[in-house]
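Novice:
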Amino acid sequence: MLIVFSGGSGVGKNTVIERLLESDEFSLMPTYTTRDRRPNEREGYPYHFISEEVFLEKLRSGELYEHQLVHEHYYGTSKVLMAESLATGKILLKDIDVIGTQNLVNSVGKSVKMITLFLKVNSRLVLEQRLKERGEKEIELRLKRYDMEQAYADNYDYIINNEMLDKTLGIVKTIIENERMGRLPLAAVKSPVIDKNLVEEYVQKLNSFKKLQPMPVSVVGGRIVVVDQYEKYLAQMISGQKVAKEVVDFTGGATFEFDWKNQ
234 MLIVFSGGSG VGKNTVIERL LESDEFSLMP TYTTRDRRPN EREGYPYHFI SEEVFLEKLR
294 SGELYEHQLV HEHYYGTSKV LMAESLATGK ILLKDIDVIG TQNLVNSVGK SVKMITLFLK
354 VNSRLVLEQR LKERGEKEIE LRLKRYDMEQ AYADNYDYII NNEMLDKTLG IVKTIIENER
414 MGRLPLAAVK SPVIDKNLVE EYVQKLNSFK KLQPMPVSVV GGRIVVVDQY EKYLAQMISG
474 QKVAKEVVDF TGGATFEFDW KNQ
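Per the working numbering: the sequence shown = residues 234 to 496.
1. Pick from 485, 260, 319: whose alpha carbon is nearest that of residue 459?
2. Measure the C-alpha to C-alpha separation of residue 256 and residue 404 and round it to an integer number of angstroms.
3. Can the beta-carbon of residue 258 be found less than 8 Å from the beta-carbon of residue 353?
4. Taking the CB atoms as reference points, tell me whether residue 262 and residue 318 lie closer together than 8 Å.
5. Here's the rule I'm using: 16 or more other beta-carbon atoms within 10 Å means buried, otherwise exposed. How should residue 311 be labelled?
6. Could you spell out the range, first to last residue, of the alpha helix (DSSP H) harbouring residue 380?
7. In this structure, does DSSP put residue 254 in helix, strand or coil?
8. Taking the CB atoms as reference points, tell me whether residue 298 and residue 341 lie closer together than 8 Å.
9. Taking the alpha-carbon positions, what's the residue 424 to residue 335 distance?
10. Using CA atoms only, rank isn't needed, just tell me which of 304, 399, 378 is closest to residue 250.
Below, the structure is given as structure tokens:
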């Protein structure tokens with residue numbers, strides 16, 4: 234199982250990954266890059282640092298599932314490293330940019346169970362402050378990608394606002410466990426009223442490869458809960474196409490099992 238994290242520089246992806254890696258259940262899926270190694274990084278964690286010449290040779294030989302040129306540096310996912318990492322039996326974690334993620338999803342297909350998570354912050358101003366706090370030298374360059382990166386959020390399985398690290402970690406762990414176990418989500422009301430015409434409309438859009446706006450979900454008691462817009466979840470099940478789930482706060486109290494498969 235591979236968990237992919239995306240989002241702008243400074244949203245906290247690597248911090249979340251580092252905290253998850255404190256558990257032996259997880260392992261890092263390294264990425265090849267041509268950028269310089271930062272003081273807090275070591276070879277193979279989270280990147281294998283190689284020259285541009287070596288990177289381009291791997292690209293020519295077909296070793297890479299996907300590659301991107303980001304902030305004037307190459308990044309790529311190796312088929313060899315992927316196979317070696319999956320063979321360990323651990324849940325793999327990987328940080329990839331938004332375009333690289335789409336390329337990886339298209340390249341790998343259903344051969345690997347993959348969950349994609351988009352981490353975001355409340356605003357560009359919050360992101361700028363975080364970049365300054367970590368001593369980033371290319372702030373303007375990274376902020377230029379902000380709008381483009383946000384535009385890709387709807388392509389992900391889950392969208393998470395990383396306001397507080399511990400809260401985000403709890404959400405991510407719950408998502409991973411529920412996806413790993415194949416648990417269907419709960420409902421926020423006992424007997425939600427389903428508009429079957431709307432379900433059909435959504436199914437037609439998804440089958441035409443049109444994107445729907447994300448549906449709101451929450452994490453309650455170790456389970457994922459669909460808070461509203463139940464028709465979108467049903468349309469996703471019927472069509473087999475992805476609808477992004479945006480994690481929101483839920484104050485409704487009780488949650489309920491719902492027979493999604495027989496609606």
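Even for Gly, the Cβ is constructed at its ideal location relative to N, Cα and C.
Specialist: By the coordinates alone:
1. Taking the first residue of the sequence shown as position 1, residue 459 is located at position 226. If we check each option's Cα against that of residue 459, 485 comes out closest.
2. Taking the first residue of the sequence shown as 1, we reach residue 256 at position 23. Taking the first residue of the sequence shown as 1, we reach residue 404 at position 171. So the two alpha carbons sit approximately 16 Å from each other.
3. Counting from 1 along the sequence shown, the entry for residue 258 is found at position 25. Counting from 1 along the sequence shown, the entry for residue 353 is found at position 120. Cβ distance not < 8 Å, so residue 258 and residue 353 don't count as in contact.
4. The residue you call residue 262 lines up with position 29 of the sequence shown. The residue you call residue 318 lines up with position 85 of the sequence shown. Yes. Within cutoff.
5. In the sequence shown, counting from the first residue as 1, residue 311 sits at position 78. The residue in question, residue 311, is buried, as its Cβ has 16 or more Cβ neighbours within 10 Å.
6. Translated into positions along the sequence shown, residue 380 becomes position 147. Taken as a continuous stretch (DSSP letters only), the alpha helix (DSSP H) holding residue 380 covers 379-384.
7. In the sequence shown, residue 254 corresponds to position 21, counting from 1. Coil at residue 254, not helix or strand.
8. Working through the sequence shown from its first residue, we reach residue 298 at position 65. Working through the sequence shown from its first residue, we reach residue 341 at position 108. Going by C-beta atoms, residue 298 is nearer than 8 Å to residue 341.
9. Taking the sequence shown and counting its residues from 1, the one referred to as residue 424 is at position 191. Taking the sequence shown and counting its residues from 1, the one referred to as residue 335 is at position 102. In a straight line, the C-alpha of residue 424 is about 36 Å away from that of residue 335.
10. In the sequence shown, counting from the first residue as 1, residue 250 sits at position 17. Among 304, 399, 378, the Cα nearest to that of residue 250 is on 399.
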